[in-house]
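Comments concern the structure below.
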Amino acid sequence: MAGYNIGIVGLGTIGRGVVKILARQQSFFTDTLGLPVTLKRVADIDESRFESVPVGDAARSTTADPILKDPDIHIVVELIGGTTAAREIVLGALRVGKHVVTANKALIAEHGPEIFAAAEQNGVSVYFEAAVGGGMPAIKTIREAMIGNDITSVKTIINGTCNYVLTHMETRGLPFDAALRQAQEAGFAEADPALDIGGGDTGHKVAIMASLLSGGYVPYGDIPIEGITAVSAEDIAFARDLGYRVKLLGIIKATDSAHTLDVRVHPAMLHLDHILASVSHEYNAVLLEGDAVGQILLYGKGAGELPTASAIISDVIDVARNIAGSTPVRIPMGFYSAGGIMKTRPVAEVVSRYYLRFTVVDRPKVLAPIAATLGDHGISIASVLQKEGSLKDRVPVIILTHAAREAGLRAAITAIENTDFVRDKTQVIRIEE
Ligand code: HSE
Numbered sequence: 003m004a005g006y007n008i009g010i011v012g013l014g015t016i017g018r019g020v021v022k023i024l025a026r027q028q029s030f031f032t033d034t035l036g037l038p039v040t041l042k043r044v045a046d047i048d049e050s051r052f053e054s055v056p057v058g059d060a061a062r063s064t065t066a067d068p069i070l071k072d073p074d075i076h077i078v079v080e081l082i083g084g085t086t087a088a089r090e091i092v093l094g095a096l097r098v099g100k101h102v103v104t105a106n107k108a109l110i111a112e113h114g115p116e117i118f119a120a121a122e123q124n125g126v127s128v129y130f131e132a133a134v135g136g137g138m139p140a141i142k143t144i145r146e147a148m149i150g151n152d153i154t155s156v157k158t159i160i161n162g163t164c165n166y167v168l169t170h171m172e173t174r175g176l177p178f179d180a181a182l183r184q185a186q187e188a189g190f191a192e193a194d195p196a197l198d199i200g201g202g203d204t205g206h207k208v209a210i211m212a213s214l215l216s217g218g219y220v221p222y223g224d225i226p227i228e229g230i231t232a233v234s235a236e237d238i239a240f241a242r243d244l245g246y247r248v249k250l251l252g253i254i255k256a257t258d259s260a261h262t263l264d265v266r267v268h269p270a271m272l273h274l275d276h277i278l279a280s281v282s283h284e285y286n287a288v289l290l291e292g293d294a295v296g297q298i299l300l301y302g303k304g305a306g307e308l309p310t311a312s313a314i315i316s317d318v319i320d321v322a323r324n325i326a327g328s329t330p331v332r333i334p335m336g337f338y339s340a341g342g343i344m345k346t347r348p349v350a351e352v353v354s355r356y357y358l359r360f361t362v363v364d365r366p367k368v369l370a371p372i373a374a375t376l377g378d379h380g381i382s383i384a385s386v387l388q389k390e391g392s393l394k395d396r397v398p399v400i401i402l403t404h405a406a407r408e409a410g411l412r413a414a415i416t417a418i419e420n421t422d423f424v425r426d427k428t429q430v431i432r433i434e435e
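Now the structure itself:
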């Protein structure tokens, strides 16, 4: 084979980064690795990008068709995002025997079984490192570096927008909306930022990691997801006073059953000594635990032009190496199938410590019934904080609990909220060890 020709569909931020890195590394790939990778075609609906992105003499088109129809293209790089046109293009490429590299987390999380089945039927592969954590090699670490392990847990901060918002609310006292606007201006928020702050983006990435490490398929829709919109500046400040920091966490934990995983996405309080508590601004981190290796921490930029392009290029070179070695489907994905669905543990069965913020009237006989009701449900109090408030009819009472089952906790809160001294919905944030 004379070389490896790629076609890029979508010349947005990541596409531009891929073009730049390819140009910069071309001689290393060709001369040192013996893998001449050429950008043969590009496609974008916005023709102005053919001028603003340095695509050289690559053939240009406004649809993906010419790329799919060109028999000399070996690898299609899908960078348009979404699950409609992108799904058609990816399936179309696989059906005509082309390998696919994609950054599309929603596509893999929601349509993974269909896509991997198409790849296997056609003897080609789908690589998606850039879909999870941008430049951090999370997928390669799970699929290859930790192959000798049972991965028993993953804790991850994997949405830069949420981490940026929470960091800037804490350190600069920025209101939520202003912090989100800054994240959008910096360019790492999704086109629809509701996916970021609502937790969906983290959910997509967690679904992919959970599927890979379980050897099954964890449907995105089965994952309990809470975003950060209900986290107030007050909670962040109280957490700080108590020695904690609030982060949006993706959590995957093995359970006693090989067919069930504890998978969830929600705000969590981390003690300031926790290794993930220092992951700030738009940075991402994945803390993996394997039964052989122990803990591995990946830390880096999960979004942006060059970090995400770095992951795409890594995949392109992997595919080229596979083709060169005549092992195009080096890592079969048959387990990622609709027949291998993993169960997710209901949140009611989660056992955790909790931060509770009650909003109550400042009068005698309030703390005692709260403590009694928690006790009646088997929930033990670890610490209590009440600050004097200027409003006598709305003061916050903060309680940190010892480990408790969520079903019992929710029942206790319902009972407490049915009293006449509670003035608002109780804030509940899980504490992760
Ligand atoms: N919107 C994502 C983030 C970009 O904020 O991390 C990468 O998926």
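Those letters in the sequence shown? Residues 3 to 435, per my numbering, in order.
Glycine included, C-beta positions come from ideal geometry on N, C-alpha and C.
How would you write the range of the beta strand (DSSP E) that Val-368 sits in, first residue to last?
Here residue 368 refers to the residue found at position 366 of the sequence shown. Val-368 -> no beta strand (DSSP E), and no H or E assigned at all.
Name the residue from Val-318, Asp-293, Arg-266, Asn-161 whose alpha carbon lies nearest to the alpha carbon of Gly-17.
In the sequence shown, residue 17 corresponds to position 15, counting from 1. Of Val-318, Asp-293, Arg-266, Asn-161, the residue nearest in Cα terms is Val-318.
Does any heavy atom of the ligand HEM sit closer than 7 angstroms to the C-beta of Phe-130?
This structure lacks the ligand HEM; its bound ligands are the ligand HSE.
Test item: CB-CB of Ile-277 and Ile-210 under 8 angstroms
As a working note, residue 277 is residue 275 in the sequence shown. As a working note, residue 210 is residue 208 in the sequence shown. In this structure, Ile-210 does not lie closer than 8 angstroms to Ile-277 by Cβ.
For Gly-377, the nearest candidate out of Arg-145, Arg-412, Val-397, Ala-105 (CA to CA):
One-based indexing of the sequence shown puts residue 377 at position 375. When each option's Cα is compared against that of Gly-377, the closest is Arg-412.
I'd like to know if the stretch 112 to 125 and the stretch 261 to 278 are in contact, where contact means that at least 3 CB-CB pairs between them fall below 8 angstroms.
Fewer than three pairs of CB atoms, one per stretch, sit closer than 8 angstroms, so the stretch 112 to 125 makes no contact with the stretch 261 to 278.
Contact test: Ala-374 Cβ vs the ligand HSE heavy atom, cutoff 7 angstroms
Sequence index remark: in the sequence shown, residue 374 carries index 372 (1-based). Incorrect: Ala-374 has no Cβ contact closer than 7 angstroms to the ligand HSE.
Using C-beta distances below 7 angstroms, list every residue in its chain close to Asp-320, excluding the 5 sequence neighbours before and after it, in chain order.
Within the sequence shown, numbered from 1, the residue matching residue 320 stands at position 318. The answer, listed in chain order, is Tyr-129.
The ligand HSE heavy atoms versus the CB of Thr-163: any closer than 7 angstroms?
Stepping through the sequence shown from its first residue, residue 163 is reached at position 161. Yes, since a heavy atom of the ligand HSE falls inside the 7 angstroms radius drawn around the Cβ of Thr-163.
Would Glu-307 and Gly-162 be called neighbours here (beta carbons separated by less than 8 angstroms)?
Working through the sequence shown from its first residue, we reach residue 307 at position 305. Working through the sequence shown from its first residue, we reach residue 162 at position 160. Taking 8 angstroms as the Cβ cut-off, Glu-307 and Gly-162 do not qualify as a contacting pair.
Nearest-angstrom Cα distance between Ile-160 and Arg-365?
Taking the first residue of the sequence shown as 1, we reach residue 160 at position 158. Taking the first residue of the sequence shown as 1, we reach residue 365 at position 363. Near 43 angstroms, if we compare the C-alpha coordinates of Arg-365 and Ile-160.
What is the DSSP secondary structure of Lys-107, counted as helix, strand or coil?
Locating residue 107 in the sequence shown gives position 105, counting from the first residue. Lys-107 falls in the helix class under three-state DSSP.
Say yes only if the C-beta of Ala-191 is nearer than 7 angstroms to one or more non-hydrogen atoms of the ligand HSE, and no if none qualify.
If you number the sequence shown from 1, residue 191 lands on position 189. The answer is yes for Ala-191.
Within 8 angstroms, do at least three Cβ pairs link the stretch 58 to 75 to the stretch 42 to 49?
Contact holds between the stretch 42 to 49 and the stretch 58 to 75, because three or more Cβ pairs, one in each stretch, are under 8 angstroms apart.
Quick one: Cα of Met-1 to Cα of Ala-313, how far?
The displayed coordinates of the chain run from 3 to 435. Any statement about residue 1 would go beyond what the structure contains.
Taking the C-alpha atoms as reference points, what is the distance between Gly-223 and Lys-107?
Position 221 of the sequence shown, counted from the start, is the residue given in the question as residue 223. Position 105 of the sequence shown, counted from the start, is the residue given in the question as residue 107. Rounded to whole angstroms, Gly-223 to Lys-107 spans 14 angstroms at the Cα level.
Where does Arg-425 fall in DSSP's three states?
For the purposes of this step, residue 425 is taken as the residue at position 423 of the sequence shown. Three-state result, Arg-425: coil.
Using a Cβ distance threshold of 8 angstroms, determine whether the stretch 354 to 364 contacts the stretch 413 to 431, with at least three qualifying pairs required.
yes
Comparing C-alpha positions only, which one of Leu-13, Glu-90, Val-134, Val-98 sits nearest to Glu-116?
The residue you call residue 116 lines up with position 114 of the sequence shown. Per the Cα distances, Glu-90.
Can you say whether Ser-452 is buried or exposed, counting buried as having 16 or more other CB atoms within 10 angstroms of its CB?
Not covered by the structure: residue 452. The range shown for the chain is 3 to 435.
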